[in-house]
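Structure, as structure tokens:
In the numbering used here, the protein residues as written are 6 to 186.
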């Protein structure tokens, strides 16, 4: 699927060849014929929050591609040197300018076709004032019947919101593991 994304060895610069390594691996990898370095392509981790205040959630309108102008939960790629919780809190501050109290792990959404896993944490909003960053056109609270369902940027956001509102109605939040085909 993500075959041939690596052209040259990151260690020595030699053109790689694609084959199953001799180390007992079972998958075709980019292997350097000069220095023997095996290059792995692994999924990226997207971390974010479901910021809520009572029965409303905070959504951000995207100011960037992909899906410019669509609504999303605050989330983005995890950075090196941070935990998932730290990354989710950072993305919430950057995209929404929201003050939150980080809560429990809420959902993991695997999207194999794009090589990503989206992870969301519950985050209780400490204020209803927001200061959206450069990546957001606006940040706004929505009750379930106000969510612009047809204007959501990503399937993972839609599925996470459906889980959140179902759990909220039940009065108990669970952990959700969803595969997006």
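Ideal Cβ placement from N, Cα and C applies to all residues, glycine included.
- The alpha-carbon separation between residue 87 and residue 52 amounts to approximately 11 Å.
- Residue 164 places its beta carbon less than 9 Å from that of residue 114.
- Cβ-Cβ separation between residue 125 and residue 180: approximately 10 Å, too far for a contact (criterion under 8 Å).
- When the beta-carbon positions are compared, residue 97 and residue 158 stay at least 9 Å from each other.
- Comparing alpha-carbon positions, the option among 118, 120, 141 lying closest to residue 72 turns out to be 141.
- Under the 10 Å beta carbon count, residue 25 is surrounded by fewer than 16 other beta carbons and is classified as exposed.
- Residue state for residue 78 is assigned as coil, using DSSP reduced to three classes.
- Counting only runs of 4 or more residues that sit fully inside the stretch 77-140, the alpha helix (DSSP H) segments are 89-101, in chain order.
- Under DSSP, the beta-bridge partners assigned to residue 157 are 76.
- With distances taken between CA atoms, residue 161 lies nearest to 117 out of 46, 99, 117.
- Taking residue 68 as the centre and dropping the five residues before and after it, the same chain places the C-beta of 140, 141, 142 closer than 6 Å to its C-beta, in chain order.
- Distance from residue 112 to residue 183 at the Cβ level is roughly 7 Å; contact confirmed, criterion being Cβ atoms closer than 8 Å.
- With 16 or more other CB atoms across the displayed protein chains lying within 10 angstroms of its CB, residue 93 is buried.
- Minimum Cα-Cα distance from residue 136 among the listed residues 104, 123, 147, 155 corresponds to 104.
- For residue 56, the enclosing beta strand (DSSP E) begins and ends at 49-58.
- In the three-state reduction of the DSSP assignment, residue 27 falls in the coil class.
- In this structure, 49 is the residue among 11, 49, 39 with its C-alpha nearest to the C-alpha of residue 121.
- Comparing alpha-carbon positions, the option among 166, 34, 45, 28 lying closest to residue 63 turns out to be 166.
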